[in-house]
Every structure is written in structure tokens, then in C-alpha cells.
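> Under the working numbering, think of the first position of the sequence shown as 1, with each following residue one higher. Virtual Cβ for every residue (Gly too), placed ideally from N, Cα, C.
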Amino acid sequence: MSDINYKELFEHYYQKDYDFNTSSLSAEQIKDIKQTARQMRVDYALAPMGTSIFNWILNQNSNIRFELVPFDSENIDGMLYVPTTGKDCAYIILNVNKPLINQIFTAAHEFYHYIKDYKKFRETPYICDFNKLKDINEMCASRFAAELLLPEEALLREIKDYLVNMKIPDTSKMTFHQYATLMIFLTVKYQMPLKAVIYRLAEEGYIKNIEEYIKNYEFIKNVLREIEIFKKRVEELYKKENNYVLPYSSTYVDMERAFSTGNASREEILEDAKKLELDMKLIDDILAQDTEEDDEETDDEELFALIRAKRG
């Protein structure tokens, strides 16, 4: 594994705040993304995924792991990390300093990179310049996340129900406030960022003047957080914590196994741990263990006990 400054890695190759604007994608690219999202969420039909996205992703492939990392920078939402050593696995790294609702979208976004870009990440794991990929790969990943969390058919159903309930003849008769109310409802029900919901409505042709809604984004968001009937759910979605992902344990187990079986050297484990910003004291304890004395099952039990002791 080459010598790489991990701080420089994150500075240049992390996933910045997602650009929800995917208007530059071609019709063929959008068609392919829609088809992929439909195929992936077939078990959910039109039901919301929301916080279920984390377990759903883990169930798609047992080689995927989540890591919750408290990045200091507000610009970082997450990234996909594929080690070059050990078994075939990938880490979706989420910034726990971002609200849960952002982490939901991040998970879906990074999962697209996993299913579409894994080979590239595996062969050149540290050359993932999101600035260069922004026009194509990043837009595709954001559009996939939006389609996965709020598919076209579900959006159409919600709009039809809204028109009936509000006694509005068609969407062309909807006012700014009525659209804003719909956006708030969709944000809470489908648990995806408000700005992503705004773009979904524009992507499917329901709103033409998206600039007006982006300009009033903070106003709509403030109203969202003040509505009493949504208060409990909104508070959870905007908290900077994630109780739907068990952090650390699987990653440390993977590293311990890679080291004990000789698939990764001490230096490689330390370098990967730094890139993932893991607990280096815990890593040192793992590397110091006599892995030859006990079988794999005993090692796992000891490692979990060690993690519990270190993490409380």
C-alpha cells in the first residue's frame, strides 16, 4: 500500500455536500438510474425506505460495512472506502456530525458508488477525485439516491392523493404554499433532505420555478421544524446521531482477522485505521494480541469484549 497522508486523502477525495441538481444528466442516464433503483427496491414497492436504508444495504451484500466518523469539516457527508488488502469488503463512511436525514441520503448515494464503481475503487482505491467525477458519477449517485428513497411512482401517488384531499384540480393550480406544504410532508414521510425533495419535484416536472423554492429553502425548513404533529419525527431526523447503525465492531473484527490470517501486515492495518480515523488505541490493542493461541471464535469474543470495554 503506497504512502499516503490520510488527512490529505480526506481533504481531496471525500464526498462534499451533495449537489442535488442532476439536470445535466442525459435521458438515457436517467432511464438507467430509474431502472436500477426500481430493481433494487422491489421488496419495498412504493413504501418509504427512510431509516431502513442502513439494514437494507447491509442485506444487499455481506461485504459492506458502515463506519460512523465525526468529521470536523461541515463539508463532508461521507465517502466509500475500499481497502486493497484483506477480504473483499467496502466501507460506507458516514459523518455523524451531520443530521440523520443527511446520513440516510449519504448511505444511498455511496451505495450507488459501490454497485457501479467498486472495481475502480478496488484497483485505484485512493484516486477518487470527486471534483472530476462531479459532472457524471456524482450526479448519477445523487439521482439514484433520490430515486431509491422517493421513486417516481410513489411521488405521483402522493401528488394525486394531495390534489384530492386539498380539492385542487391539477398541479398547475397549486400555489407556492401548497407546494411547500407537500414538500414538508414528503420530507417527513420519505425521510430524505428537504432540498432533495424540492429537486425531485422539479426532476419529474411538477414545479418549473425551482429557484423560488431554493431561495425560500430556509423558510420552508423552519416551518417544517415548527409543525407540532411532526415534531417528534423531525427532531429525530435532524439530530446528529444514528441509532440505526452499529458502529465500529464489524470493522475492527475485519481488521483483526486480516491481521491474524496474514492477509494484511501491521503497517497496512495501521495505515487503513488512520484513513478510517479509527480508535488507534484499540487498534494497537488488537495488534498486540497473541492471535495464535486461540481459535477464530474465541478471538472474536475477546475482540467484542475489548470493543465494549473501550467504547463503554
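For my contact list, isoleucine 210 and isoleucine 198 are in at a C-beta cut-off of 8 Å; report their separation, rounded to the angstrom.
Sure, about 7 Å apart at Cβ, within 8 Å.
> Tell me whether the segment 30-40 and the segment 135-154 touch, counting them as touching only if at least three CB pairs, one residue from each stretch, are closer than 8 Å.
Yes, since at least three Cβ pairs between the segment 30-40 and the segment 135-154 fall closer than 8 Å, the two stretches touch.
> Leaving aside the five residues before and after aspartate 72 along the sequence, list all residues of the same chain whose C-beta is less than 8 Å from its C-beta, in chain order.
Excluding sequence neighbours, aspartate 72 sits near Asn97.
> DSSP state of asparagine 95, grouped into three classes?
Correct three-state label for asparagine 95: strand.
> Report, in whole angstroms, the separation of the C-beta atoms of isoleucine 33 and cysteine 140, which I expect to be a contact under 8 Å.
Isoleucine 33 to cysteine 140, Cβ: 6 Å. Contact.
> Is leucine 68 helix, strand or coil by DSSP?
Leucine 68: strand per DSSP, three-state reduction.
> Using the Cα positions of glutamate 267 and isoleucine 286, report the straight-line distance between them to the nearest angstrom.
In a straight line, the C-alpha of glutamate 267 is about 13 Å away from that of isoleucine 286.
> In three-state terms, what does DSSP make of methionine 79?
Of the three classes helix, strand and coil, the one that applies to methionine 79 here is strand, per DSSP.
> Can you tell me whether alanine 90 is helix, strand or coil according to DSSP?
Correct three-state label for alanine 90: strand.
> Taking a contact to mean a Cβ-Cβ separation below 7 Å, would you say lysine 61 touches cysteine 89 in this structure?
Here the sequence assigns asparagine to residue 61, which means lysine is not the residue at that position. In this structure, cysteine 89 does not lie closer than 7 Å to asparagine 61 by Cβ.
> Taking the straight line between their C-alpha atoms, what separation do you get for asparagine 131 and leucine 80?
Its pLDDT being 38, under 50, asparagine 131 is placed unreliably by the model, and the measurement read from it follows with that caveat. Between asparagine 131 and leucine 80, the C-alpha separation is close to 15 Å.
> Return the chain-ordered list of same chain residues with a C-beta closer than 6 Å to the C-beta of tyrosine 91, the five sequence neighbours on each side being excluded.
The answer, listed in chain order, is Arg65, Glu67, Tyr81.
> Could you tell me which of His177, Ala273, Glu277, Phe259 sits nearest to alanine 288, measuring between CA atoms?
For alanine 288, the nearest C-alpha among the options comes from Phe259.
> Could you give the first and the last residue of the continuous alpha helix (DSSP H) run that contains alanine 154?
It spans 152-166 - the alpha helix (DSSP H) in which alanine 154 sits, taken as one unbroken run.
> I believe leucine 150 touches arginine 200 by the beta-carbon criterion, under 8 Å. Please report the beta-carbon distance rounded to the nearest angstrom.
Contact holds; Cβ gap of about 5 Å.
> Short of 7 Å in beta carbon distance, which residues of its chain neighbour glutamate 236, apart from the five on each side in sequence? Order them along the chain.
Excluding sequence neighbours, glutamate 236 sits near Leu100.
> Within its chain, find whatever has a CB closer than 6 Å to the CB of leucine 278; leave out the 5 residues flanking it on each side and keep chain order.
Contacts found: none.
> How about tyrosine 238 and phenylalanine 54: are their beta carbons less than 7 Å apart?
Taking 7 Å as the Cβ cut-off, tyrosine 238 and phenylalanine 54 do not qualify as a contacting pair.
> Buried or exposed for arginine 41, going by 16 or more other Cβ atoms inside 10 Å?
Buried, because 16 or more other Cβ atoms sit within 10 Å of the Cβ of arginine 41.
> Classify glutamate 256 as buried or exposed, calling it buried when 16 or more other Cβ atoms lie within 10 Å of its own Cβ.
Its Cβ being crowded by 16 or more others within 10 Å, glutamate 256 is buried.
> Residues in the same chain with beta-carbon distance under 8 Å from threonine 51, minus the five sequence neighbours each way, listed in chain order, please.
Around threonine 51: Leu100, Ile104, Gln191, Tyr244.
> Cα separation between lysine 208 and serine 24?
Looking at the two C-alpha atoms, the distance is approximately 16 Å.
> Which parts of the segment 163-192 are runs of the beta strand (DSSP E), unbroken and 3 residues or longer, counting only runs that do not cross its ends?
Counting whole runs of 3 or more residues, the segment 163-192 contains no beta strand (DSSP E) stretch at all.
> Do lysine 215 and proline 48 have their beta-carbon atoms positioned less than 7 Å apart in this structure?
Not closer than 7 Å, so no.
> If you count every other CB in all the chains shown that lies within 10 Å of the CB of valine 164, and 16 or more means buried, which is it?
Under this definition valine 164 is an exposed residue.
> So what's alanine 273 in DSSP terms, helix, strand or just coil?
The answer is helix: DSSP assigns alanine 273 an H, G or I state.
> Report the rounded CA-to-CA distance for serine 26 versus tyrosine 114, giving the unit in angstroms.
One C-alpha to the other measures close to 22 Å.
> As a quick exercise: from Thr251, Met183, Lys240, pick the residue whose alpha carbon is nearest that of glutamate 218.
Closest option to glutamate 218, Cα to Cα, is Met183.
> Rounded to whole angstroms, what's the CA-CA distance from tryptophan 56 to histidine 109? Just pull it up for me.
Rounded to whole angstroms, tryptophan 56 to histidine 109 spans 14 Å at the Cα level.
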